Structures are given as C-alpha cells and as structure tokens.
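Structure, as structure tokens:
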Amino acid sequence: MNTHKTLIVGNWKMHFTIGESSMFIRKLEEQLKIPSSVEVVVAPTTLALQSVSLQLKHHRKFKLAAQNCFWRDFGAYTGEVSAHMLRGLTQYVIIGHSERRHAFGEIDKDIRLKVQAVVRNQMQPILCVGETAQERADGDTGFTLHDQVTAGLANITSEEMHRIVIAYEPVWAIGTGENAKTTDVAAAMKLIRKQVKDLFGKQASLDLRLLYGGSVDGANATQYLALPDVDGLLVGGASLKPEVFGDIIASAKS
Ligand code: 13P
-2 MNTHKTLIVG
8 NWKMHFTIGE
18 SSMFIRKLEE
28 QLKIPSSVEV
38 VVAPTTLALQ
48 SVSLQLKHHR
58 KFKLAAQNCF
68 WRDFGAYTGE
78 VSAHMLRGLT
88 QYVIIGHSER
98 RHAFGEIDKD
108 IRLKVQAVVR
118 NQMQPILCVG
128 ETAQERADGD
138 TGFTLHDQVT
148 AGLANITSEE
158 MHRIVIAYEP
168 VWAIGTGENA
178 KTTDVAAAMK
188 LIRKQVKDLF
198 GKQASLDLRL
208 LYGGSVDGAN
218 ATQYLALPDV
228 DGLLVGGASL
238 KPEVFGDIIA
248 SAKS
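Residue numbers (the working numbering): -2 to 251.
Structure, rendered in structure tokens:
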C-alpha cells in the first residue's frame, strides 16, 4: 500500500530481565538476517531499554520500542515513565495494547493522550486496536475498531499522521494460538484505512502503516503479509524464539 519497509515488531511483554534481554539481543544479532526491505523493532521491558540501546549503538540492526508510557512529561506520578523520558532511547512506543486496556484499565482518553505525547516527543506510536471475543460474536467488530481508531487519533493532525502505526490485534487472537482468518484481517484493515482516509485525507491513509498481531508464527506470517493492506506484523510469543522470529522476518522479505 505504501513505500515503507515491511515492519516487524517483537513485543517481549514482561519477559526477560536486563541481563537476559542483553543476552537475547546478542543472540538475535548473531542469528538474524535482516533483508534491506524489512525494518525490525523489538520492545523489551522498559528497564532494559537503556542497556539494549547502548548495546545496539554499534550495529543499529534493530530499532527499539517501549511497551507503554505515561502522557504527562514529568510530575508527581509515582511509578510512571513518560514519553519525554523515552525520547532519544526508542523510536516507537506501543500504546493501548489490549493487555493495558483490559488488565490495567486503560481507557480511550488515556490512549488518546499517550498517542499525542509520543508524537509530541518525536517518536512513533504503535496504536493497538482490536475487538474482544464478545464484540466479535455480537457482530460489533467494525464499531469497536471505528471507536478505538477515532478515539486514539483524536488529538493528532493530518500533518502528524505519517508518524502513526496502527496494529490490529483481535483480543481473542492474542496468545491463544487462534490466529485470525486472512479474510477477517483484510476486512478490518480495509475499514481502518478507510476511516483514516475519511478523518485525515488520502495521503494520510496511504502513509499509514498497518500491522496485524495475534498468534503470529513462522508458519502463518506469510499469509498476512500477502494482504494488500498489511504493512507488517506485531509479534508476541514467537518473538521470544530467535529461530521463529527469524522465520517471520524472512517471510517479510518476499
Ligand atoms: P502473541 O503473538 O503471543 O499472540 O501476542 C500478540 C501481541 O499481543 C503482540 O503485541
């Protein structure tokens, strides 16, 4: 759909200590062959971002993402890490992941402010959207995606849209082994791109990078990447296995 490289993001979630993250990065650097047409991003624990960033300085083989951030730049917010603090350390920040929405009670307002904070701090948000099993069963997938995209991008201008990545991750497909059908993914992606076109214009919809996530593995990656509206993948469990992650990256080449 656009001229960007295929974007493959590995979300490590709450796995690996600082030391393990460093060892895992070394393993990836040794094992992974990254084609020039593919951009690879890994999202370690926030704690490891500094050390991994220094480790990668020499090679720049991968880019980094944070898994979350807070929207205020600084202040009395115990336990939070701001987008402002991540600036210069990561290129991307995952925002509104379904685990944040459902396990930590993040609502659209938080997500909208976080997306804005990431853009304000010169990074790129990966805005996650997706329907629950119940919403799917009720035939409400389209409404859910529409609401989440509208709310998530409400503070963003057309000029800022080139920074935005949206990941469609059906909640029921995350970590379940039950990956979505390509026909359903194609329909969801089309809907999201059309909505961005309606909200921000044609150029924004062409520039937008759309990722699929939810039980992606080495065997099913190719079918999603072959869809015209899919520009990459957001990978959870399979990104913790260097060989499988390598297979996914290899399938992105073709
Ligand atoms: P799995 O690939 O483990 O299903 O996780 C997907 C995900 O949540 C990536 O952010």
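Ideal Cβ placement from N, Cα and C applies to all residues, glycine included. These numbers were taken from a predicted model, which means no experiment stands behind them.
Residues in its own chain within less than 8 Å of V112 by CB, not counting five upstream and five downstream?
So the list reads I92, G93, P122, L124, G149, L150, N152, I153 and I161, once near-sequence residues are dropped.
With a threshold of 7 Å, establish whether the CB of H94 neighbours any heavy atom of the ligand 13P.
Taken from the Cβ of H94, at least one heavy atom of the ligand 13P lies inside 7 Å.
With 16 other Cβ atoms within 10 Å as the buried cut-off, status of G127:
Burial call: buried.
Under the criterion of a Cβ to heavy atom distance below 7 Å, does G211 qualify as lining the ligand 13P?
Yes, the Cβ of G211 comes within 7 Å of a heavy atom of the ligand 13P.
Should G130 go down as buried or exposed, given a rule of 16 or more other Cβ atoms within 10 Å for buried?
One detail in the question is off: residue 130 reads as Ala in this sequence, not Gly. In the assembly as shown, A130 is an exposed residue. Its beta-carbon has fewer than 16 other beta-carbons within 10 Å.
Is N8 near the ligand 13P, with its Cβ less than 7 Å from a heavy atom?
Because some heavy atom of the ligand 13P lies under 7 Å away, the Cβ of N8 counts as near it: yes.
To the nearest angstrom, how far is the alpha carbon of L231 from that of E96?
Between L231 and E96, the C-alpha separation is close to 14 Å.
Here's the rule I'm using: 16 or more other beta-carbon atoms within 10 Å means buried, otherwise exposed. How should G210 be labelled?
Under a 10 Å Cβ-count criterion, G210 is classified as buried, with 16 or more other Cβ atoms of the shown protein chains found around its own Cβ.
Going straight from the alpha carbon of A40 to that of D137, what length do you get?
Taking the straight line from one Cα to the other gives about 30 Å.
Please find out if some non-hydrogen atom of the ligand 13P comes closer than 7 Å to the beta-carbon of E240.
It does not: the Cβ of E240 is nowhere closer than 7 Å to a heavy atom of the ligand 13P.
Roughly how many angstroms separate the alpha carbons of D204 and M158, rounded to a whole number?
Using only the alpha carbons, I get a separation of about 8 Å.
Whose CA, out of I15, K30 and M20, lies closest to the CA of D244?
The shortest C-alpha separation from D244 is found at K30.
Whole-angstrom C-beta distance between T42 and S18, which should lie under 8 Å:
With 8 Å as the limit, S18 and T42 qualify as a contact, their Cβ atoms being about 7 Å apart.
Looking at C-alpha atoms only, which residue of R133, K187, S33 and T180 is the closest neighbour of W169?
Nearest of R133, K187, S33 and T180 to W169, Cα basis: R133.
Is G233 near the ligand 13P, with its Cβ less than 7 Å from a heavy atom?
Because some heavy atom of the ligand 13P lies under 7 Å away, the Cβ of G233 counts as near it: yes.
Can you say whether E36 is buried or exposed, counting buried as having 16 or more other CB atoms within 10 angstroms of its CB?
Buried, by the Cβ-count rule.
Rounded C-alpha distance that separates K2 from Q220
If you take the alpha carbons of K2 and Q220, they lie about 17 Å apart.
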